[in-house]
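Enquirer: Questions regarding the structure given below will be posed in turn.
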DNA sequence: GTCTATATCGCGATAGAC
DNA sequence: GTCTATCGCGATATAGAC
């Protein structure tokens with residue numbers, strides 16, 4: 001089994017803190033937050049259980065760090081993609097392609113980010129919710145813009161946005177590197193599906 | 001707070017076993033399997049912790065029962081919908097409408113069904129996986145049929161099926177009865193989106 | 001900063017009276 | 001079939017040596 005190295009946490013120092021973060025991401029993704037023991041996390045980082053508490057106050061704080069950095073990364077990826085280029089169709093396709101690719105490539109982190117929210121403490125949760133709103137907002141604006149210019153045909157913009165975001169996020173649940181598709185292929189497929197959902201018609205396909 | 005009564009488990013007897021099942025569904029959906037204590041489940045059923053073990057061998061067996069019945073119900077709903085009626089477009093719309101509605105209306109059960117699979121024991125997990133294949137199969141056949149008759153235009157049938165199933169399932173993650181849409185409305189919206197994903201063109205909309 | 005050892009707690013599951 | 005009481009374990013987190 002290969003250990004997925006995730007550059008999302010590449011900048012974390014000291015080294016021990018980063019190793020703990022990576023171990024925690026893997027463990028949380030495999031078993032879930034509550035089923036993961038601090039012994040397990042510390043073990044993956046090559047340390048004793050006690051060493052964890054030098055770098056993080058609690059297990060929950062470790063989860064919060066993962067969740068925060070993960071959300072920031074995925075939103076950043078989305079923002080870069082839409083800024084990139086072109087008309088609404090190009091922007092929507094780029095956004096979905098990038099967002100899906102992130103959820104597939106970083107499915108370990110993404111799983112924690114998307115499915116362990118309930119394990120966060122109250123104030124930590126509140127801070128994460130703020131970040132989450134952005135991704136939906138970005139995609140909604142692209143759809144709105146496309147409808148305004150007549151490139152898209154969408155009756156329920158809010159609902160369709162929700163569906164597109166939902167489609168992208170769920171990739172984290174089912175994606176496996178052993179599966180038959182690469183992150184790039186899924187991104188491409190989903191970009192096309194999102195355009196169809198938006199009522200976009202290219203050359204008459 | 002109102003207790004969601006879920007007819008999925010209406011037939012379970014004796015009464016105490018059903019109350020435990022319903023308590024477990026709620027607790028698992030709110031906190032997750034591992035964060036739920038047997039004391040919590042028993043409390044919701046109005047019993048002492050020990051009474052749980054008269055009706056179920058372990059906490060995991062309780063999860064398995066929920067997962068099995070839940071999967072059976074959702075697949076049954078899907079099967080009834082596609083049998084119903086019409087051409088491929090009608091069948092796809094009916095299937096998505098019904099599947100989405102089930103995940104919204106029974107979002108508590110659905111959340112456990114879709115997101116607590118990893119907590120199942122090995123043989124229990126294997127038995128559930130068999131059930132899960134059916135729902136994908138049903139939707140894939142509808143898409144295939146529609147492509148064969150020329151009503152749909154889909155290049156990657158497997159991938160598009162996966163996306164449609166994924167879209168429906170993710171409803172369980174975000175749906176809230178306090179949200180702005182009813183299960184019926186979401187079902188209707190998603191049925192239309194699925195038709196678009198399938199490349200279906202009605203009257204020139 | 002990391003270790004070994006351990007305090008303290010609450011879990012899943014069982015025993016035995018009724 | 002349900003209760004009260006409890007066993008045995010493993011969890012998070014801390015103390016104190018190095």
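Chains as they are written, first to last, in UniProt numbering: chain A, 1 to 205; chain B, 1 to 205.
C-beta atoms are modelled at their ideal positions from N, C-alpha and C, and glycine is treated no differently.
(1) Using a Cβ-Cβ cut-off of 8 Å (strictly less than) and excluding sequence neighbours within five positions of residue 108 (chain A), which residues of its own chain qualify?
(2) Is residue 113 (chain A) helix, strand or coil when you go by DSSP?
(3) Going residue by residue through the UniProt domain "HTH tetR-type" (14 to 74) of chain A, where are the continuous alpha helix (DSSP H) segments of at least 4 residues, counting only ones entirely within it?
(4) Measuring alpha carbon to alpha carbon, tell me which of A:201, A:159 and A:169 ends up nearest residue 185 (chain B).
(5) How big is the Cα-Cα spacing for residue 124 (chain A) and residue 64 (chain A)?
(6) What did DSSP end up calling residue 204 (chain B) once you bin it into helix, strand or coil?
(7) Using alpha carbons as the reference points, say which of A:151, A:142, A:183 and A:177 lies closest to residue 164 (chain A).
(8) Is DSSP giving residue 1 (chain A) helix, strand or coil here?
(9) Are any of the Cβ atoms in chain B nearer than 8 Å to that of residue 199 (chain A)?
(10) List, in chain order, every chain B residue whose beta-carbon is nearer than 7 Å to that of residue 132 (chain A).
(11) Relative to chain A, which residues along the stretch 74 to 104 of chain B have a C-beta separation below 8 Å, given in chain order?
(12) In angstroms, rounded to a whole number, what distance separates the CA positions of residue 200 (chain B) and residue 121 (chain B)?
(13) Could you name the residues of the stretch 3 to 28 of chain B whose beta carbon sits closer than 7 Å to any beta carbon of chain A, in the order they occur along the chain?
(14) With a 10 Å radius around its C-beta and 16 neighbouring C-beta atoms as the bar for buried, classify residue 72 (chain A) as buried or exposed.
(15) For residue 149 (chain A), does the three-state DSSP call read helix, strand or coil?
(16) Going by DSSP, what residue range makes up the alpha helix (DSSP H) through residue 118 (chain A)?
(17) Specify the secondary structure class of residue 12 (chain A) as computed by DSSP and reduced to three states.
(18) Under 8 Å between beta-carbons, which chain B residues line up against residue 70 (chain A)? List them in chain order, please.
(19) Starting from residue 181 (chain A), find everything on chain B with Cβ-Cβ shorter than 8 Å and list it in chain order.
(20) Should residue 93 (chain B) be listed as close to the ligand MG, given that the test is whether its C-beta is under 7 Å from any heavy atom?
(21) I'd like to know if residue 146 (chain B) contacts chain A, where contact means its C-beta is closer than 8 Å to some C-beta of that chain.
(22) Name the residue from A:15, A:144 and A:168 whose alpha carbon lies nearest to the alpha carbon of residue 87 (chain A).
(23) What residues of chain A sit near residue 169 (chain B), judged by a beta carbon separation below 7 Å?
(24) Could you compute how far the alpha carbon of residue 146 (chain B) sits from the alpha carbon of residue 152 (chain B)?
(25) Indicate whether the contact test is met: 3 or more Cβ pairs, each with one atom in the stretch 13 to 23 of chain A and one in the stretch 37 to 55 of chain A, closer than 8 Å.
(26) Along chain B, which residues have their Cβ under 8 Å away from the Cβ of residue 106 (chain A)?
(27) Given a threshold of 16 other Cβ atoms within 10 Å of its Cβ, counted over all protein chains shown, does residue 85 (chain A) qualify as buried or as exposed?
(28) Residues of chain B with CB closer than 8 Å to the CB of residue 126 (chain A), please, in chain order.
(29) List the residues of chain B that residue 31 (chain A) touches, going by C-beta distances under 9 Å, in chain order.
(30) The alpha helix (DSSP H) with residue 161 (chain B) in it runs from where to where?
(31) Using only CA atoms, which one of B:69, B:70, B:99 and B:68 lies nearest to residue 81 (chain B)?
(32) At least one CB of chain B closer than 8 Å to the CB of residue 196 (chain A): is that the case?
(33) Within 8 Å (strictly less), CB to CB, does residue 156 (chain A) reach chain B?
(34) In the DSSP assignment, the alpha helix (DSSP H) including residue 103 (chain A) goes from what residue to what residue?
(35) Could you name the residues of the same chain whose beta carbon sits closer than 6 Å to that of residue 102 (chain B), not counting the 5 residues immediately before and after it, in chain order?
(36) Quick check: the Cα distance between residue 115 (chain A) and residue 173 (chain A), rounded to an integer number of angstroms?
Expert: According to the data block:
(1) 4, 6, 25, 26 and 29
(2) helix
(3) 15 to 31, 38 to 44 and 52 to 55
(4) A:159
(5) 7 Å
(6) Reliability fails at residue 204 (chain B), whose pLDDT of 40 lies under 50, so the model's placement of it is uncertain and the value that follows must be treated cautiously. Three-state result, residue 204 (chain B): coil.
(7) A:142
(8) Its pLDDT being 44, under 50, residue 1 (chain A) is placed unreliably in this model, and the value from its coordinates should be taken loosely. The answer is coil: DSSP assigns residue 1 (chain A) none of H, G, I, E or B.
(9) yes
(10) Correct list: empty, because the minimum Cβ distance to chain B is about 11 Å.
(11) none
(12) 42 Å
(13) none
(14) exposed
(15) coil
(16) Per DSSP, residue 118 (chain A) belongs to no alpha helix (DSSP H) and is neither H nor E.
(17) coil
(18) Those do not exist, as residue 70 (chain A) stays about 16 Å from chain B at its closest Cβ, beyond 8 Å.
(19) 159
(20) Inclusion of the ligand MG in the displayed structure is not the case, the ligand content being empty and no account of it being possible.
(21) no
(22) A:144
(23) 170
(24) 5 Å
(25) yes
(26) Result: empty, since nearest Cβ-Cβ is about 17 Å, beyond 8 Å.
(27) exposed
(28) Result: empty, since nearest Cβ-Cβ is about 17 Å, beyond 8 Å.
(29) 34, 118 and 119
(30) 157 to 169
(31) B:99
(32) yes
(33) yes
(34) 88 to 105
(35) 74 and 77
(36) 9 Å
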